[in-house]
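Engineer: One structure follows; several queries about it will come next.
There are 2 protein chains.
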Amino acid sequence: MAAPDPDLLALNAATVKERWGLGEIIAGCVRHRLRGIAPLREQVQQLGLKETARRCRDAGLAVTGLCRGGLFPALDGKARSAARDDNRRAVDEALELDAQCLIVVAGGLPRRPDGTVESKDLAGARAMVRDGLGELLDYARSGGMPLAIEPLHPMYAAERGCVNTMAQANDLCDELAGRNKGEGLGLAVDVYHVWWDPLLKQEIERAANASPSRLLAFQISDWLAPTAELRLNRGMMGDGVIDLPLLRSWMENAGYHGMHEIEILSANHWWKRDPDEVLLTCRHRHQSAC
Amino acid sequence: MAAPDPDLLALNAATVKERWGLGEIIAGCVRHRLRGIAPLREQVQQLGLKETARRCRDAGLAVTGLCRGGLFPALDGKARSAARDDNRRAVDEALELDAQCLIVVAGGLPRRPDGTVESKDLAGARAMVRDGLGELLDYARSGGMPLAIEPLHPMYAAERGCVNTMAQANDLCDELAGRNKGEGLGLAVDVYHVWWDPLLKQEIERAANASPSRLLAFQISDWLAPTAELRLNRGMMGDGVIDLPLLRSWMENAGYHGMHEIEILSANHWWKRDPDEVLLTCRHRHQSAC
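Top to bottom, those sequences are chains A and B. The opening residue of the first sequence carries number 1 in our numbering; numbering runs sequentially from there. The opening residue of the second sequence carries number 1001 in our numbering; numbering runs sequentially from there.
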């Protein structure tokens, strides 16, 4: 398979967030000829929303997505309405940044303020995601901001995201479409979360065959074998076991021609390295391993 | 929901393997009135096959399963035929122990002798599992030993088991049944591996509706939140986030009335405790949290 178009490389700003602020990250993207960026909301807040928008525009960077909205499940009505307000602000911020989508992470089981799980009702949590997402969609569509629901690896079901397969995410899109809420809703395909799924190819195709296509974002990294811990041990493309060219071919054959956003959460390795070296490695590996 | 029948409690011998040998574990099961045991092959080898069979019989313990056969994928023909021979020995051992089934763990991506992954072809690995399992089935059926394929959590796809959902395992059973190899093949449902699956209830029902039922084993533990690392951080029933009474009700409503086999792999907690205390806790939690 031919190497990917180098101009499709984009950076999820979490990849170098430990040593660079967002201003440095934007400048780094320019220096390394990355064409897109997906910032975290907390980074945007720190640099300032208008300032971030201006710098990305001046740098010619596409904002591939804003990370993130979501985290819908909560037993407490007050917490749910706080989440709703915060999610609407996330949509507003994404619009100001001219982002291609707002990345939505479902949230896991409802938790207490101290972080402990408050309910084991997983189906109930998933219903809260459906309802919260449906509500947010009304708001997002009125502004024209697509929401990209990101299925998370099943190992995050309890604490971070209870939408865990592409099929489930497609089903969720179908269900909301049935309520006249299909438009403006799609998927973010992160290889780290979905590479293992026996139905991955067919669910990518299913997402692509929706009208319009649901394939809103494509995020890349690698699954290390062994993986030391669950959260912050992602690998650089080529250092793990994911057949990245194959997965890219599935996306492209399904009609996805958007950017390839690198998202490597790596507390003990890449976050400790010089970010310029990280971005050089990303650029090289995008050509050699993706 | 009413507490489960205490006589259905069984012990996967991995739960206390760090401090007790198999002889002590069998005696411990008797002392704590556990009615079933699933030993590991290496434990059986250490105590001796005939001696293990005799002690289980004398203790009145059902052998709910022998752990384990499988690990089919290998690029090297020699390694594949060594695996085949070893799997046949596992069937013979299960027959000698009068086990209810041989637990089969698929294996992950093909690896080199040093353990590093040799191929990223996940679909290819899954085809090797299908072929290896089909071959083993011929052998196992001739002796009358059911094989219970155990879907493993997707976080083990690379290194341990590339059958990762109940749907995939049911599909595999269907496919082999289509080759006249359905009989004598079923599933081991381990809540730790499958609790997150949005299709769990329907796939349990699908397994139950096969003829004969594919529900051959039911293993219990809990998913801790947070989970510190991927392999050996399982929780005691009630200490995590799995709705165990709900999952048991799905199994029972689907017609499963076999044993509840506790399998807790917990390097930093339960493996360090006094095994008598562990078994007391298991018995208590089986009544209060399952």
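All C-beta atoms in this analysis are idealised placements derived from N, C-alpha and C, irrespective of residue type, glycine included. Computed from a prediction, not measured in an experiment: that's the story for all the values here.
List the residues of chain B that Ala228 (chain A) touches, going by C-beta distances under 9 Å, in chain order.
Structural biologist: Glu1229, Leu1230, listed in chain order.
Engineer: Using a Cβ-Cβ cut-off of 7 Å, state whether Pro198 (chain A) counts as contacting chain B.
Structural biologist: Closer than 7 Å to some Cβ of chain B, the Cβ of Pro198 (chain A) qualifies, so yes.
Engineer: Quick check on Ser1266 (chain B): does DSSP put it in helix, strand or coil?
Structural biologist: Strand, per DSSP.
Engineer: Going by the CB atoms, is the gap between Pro1073 (chain B) and Pro1110 (chain B) shorter than 7 Å?
Structural biologist: Yes, these two residues count as a Cβ contact at 7 Å.
Engineer: Roughly how many angstroms lie between the CA atoms of Leu95 (chain A) and Pro1245 (chain B), to the nearest whole one?
Structural biologist: Spanning the two alpha carbons is a distance of roughly 45 Å.
Engineer: Considering only residues of the same chain and omitting the five flanking positions on each side of Leu200 (chain A), which have a CB-CB separation below 8 Å?
Structural biologist: Met166, Val194, Leu247, Trp250.
Engineer: If Val241 (chain A) and Trp223 (chain A) are in contact, beta carbons under 8 Å, what's the gap, nearest whole angstrom?
Structural biologist: 5 Å between Cβ atoms; contact.
Engineer: Taking all protein chains shown into account, do 16 or more other C-beta atoms lie within 10 angstroms of the C-beta of Ala294 (chain A), making it buried, or fewer, making it exposed?
Structural biologist: Chain A is shown only over 1 to 290; residue 294 (chain A) falls outside these bounds and no answer can be derived.
Engineer: Should Leu9 (chain A) and Ile37 (chain A) be called a contact, given that it needs their Cβ atoms to be closer than 7 Å?
Structural biologist: No, the pair does not count as a contact, with Cβ atoms beyond the cut-off.
Engineer: Quick check: what's the CA-CA separation for Glu1203 (chain B) versus Arg1231 (chain B)?
Structural biologist: Glu1203 (chain B) and Arg1231 (chain B): Cα-Cα distance of roughly 25 Å.
Engineer: Taking 7 Å as the threshold (beta carbon to beta carbon), is Asn164 (chain A) in contact with chain E?
Structural biologist: Protein chains A and B are contained in the structure displayed, whereas chain E is not.
Engineer: Using a Cβ-Cβ distance cut-off of 7 Å, determine whether Gln168 (chain A) contacts chain B.
Structural biologist: With 7 Å as the cut-off, Gln168 (chain A) counts as an interface residue toward chain B.
Engineer: Compare the C-beta of Asp1222 (chain B) against all C-beta atoms of chain A and say whether one is closer than 7 Å.
Structural biologist: False, the Cβ-Cβ gap to chain A never drops below 7 Å.
Engineer: For the beta strand (DSSP E) holding Asn12 (chain A), just list the boundary residues, first then last.
Structural biologist: 9–12 is the span of the beta strand (DSSP E), which, as asked, contains Asn12 (chain A).
Engineer: If you draw a straight line from the alpha carbon of Glu261 (chain A) to that of Gly1161 (chain B), how long is it in whole angstroms?
Structural biologist: Rounded to the nearest angstrom, the two C-alpha atoms are 29 Å apart.
Engineer: What residue range is occupied by the uninterrupted beta strand (DSSP E) comprising Leu1147 (chain B)?
Structural biologist: Counting along the chain, the beta strand (DSSP E) containing Leu1147 (chain B) begins and ends at 1147–1149.
Engineer: Could you tell me whether any Cβ in chain B is nearer than 7 Å to the Cβ of Asp138 (chain A)?
Structural biologist: Answer no: the Cβ-Cβ gap between Asp138 (chain A) and chain B never drops below 7 Å.
Engineer: Give the single residue among B:Glu1205, B:Asn1233, B:Gly1238, B:Val1189 whose Cα lies nearest to the Cα of Met1259 (chain B).
Structural biologist: Per the Cα distances, B:Val1189.
Engineer: Are there 16 or more other CB atoms within 10 angstroms of the CB of Pro1275 (chain B), so buried, or fewer, so exposed?
Structural biologist: It counts as buried.
Engineer: Buried or exposed, going by whether 16 or more other CB atoms sit within 10 Å of the CB of Gln287 (chain A)?
Structural biologist: Exposed: under 16 other Cβ atoms inside 10 Å.
Engineer: Can you tell me whether Asp296 (chain A) is buried or exposed, with buried defined as 16 or more other CB within 10 angstroms of its CB?
Structural biologist: Examination of residue 296 (chain A) is not possible in this model, given that chain A is present from 1 through 290 alone.
Engineer: Is DSSP giving Gln1168 (chain B) helix, strand or coil here?
Structural biologist: Reduced to three states, the DSSP call for Gln1168 (chain B) is helix.
Engineer: Using only the alpha-carbon positions, how far apart do Arg1035 (chain B) and Arg1283 (chain B) sit?
Structural biologist: Spanning the two alpha carbons is a distance of roughly 11 Å.
Engineer: Are the beta-carbon atoms of Tyr1256 (chain B) and Ser1221 (chain B) separated by less than 7 Å?
Structural biologist: Contact flag unset, no.
Engineer: Could you round the C-beta distance between Ala1289 (chain B) and Gly1235 (chain B) to whole angstroms and report it? I think they count as a contact, below 8 Å.
Structural biologist: Wrong, their Cβ atoms sit about 10 Å apart, outside the cutoff.
Engineer: Under a CB-based cut-off of 7 Å, is Val241 (chain A) close to chain B?
Structural biologist: Yes, its Cβ sits closer than 7 Å to a Cβ of chain B.
Engineer: Against chain B, does Val194 (chain A) count as a neighbour if the rule is that its beta carbon must be under 7 Å from one of theirs?
Structural biologist: For Val194 (chain A), the answer is no, since every Cβ of chain B falls outside 7 Å of its Cβ.
Engineer: Looking at the C-beta of Val117 (chain A), does it have a partner C-beta in chain B at a distance below 7 Å?
Structural biologist: It does; some Cβ of chain B falls within 7 Å.
Engineer: If I follow the unbroken alpha helix (DSSP H) through Arg1111 (chain B), where does it start and stop?
Structural biologist: Segment: none, Arg1111 (chain B) is in no alpha helix (DSSP H) and carries neither H nor E.
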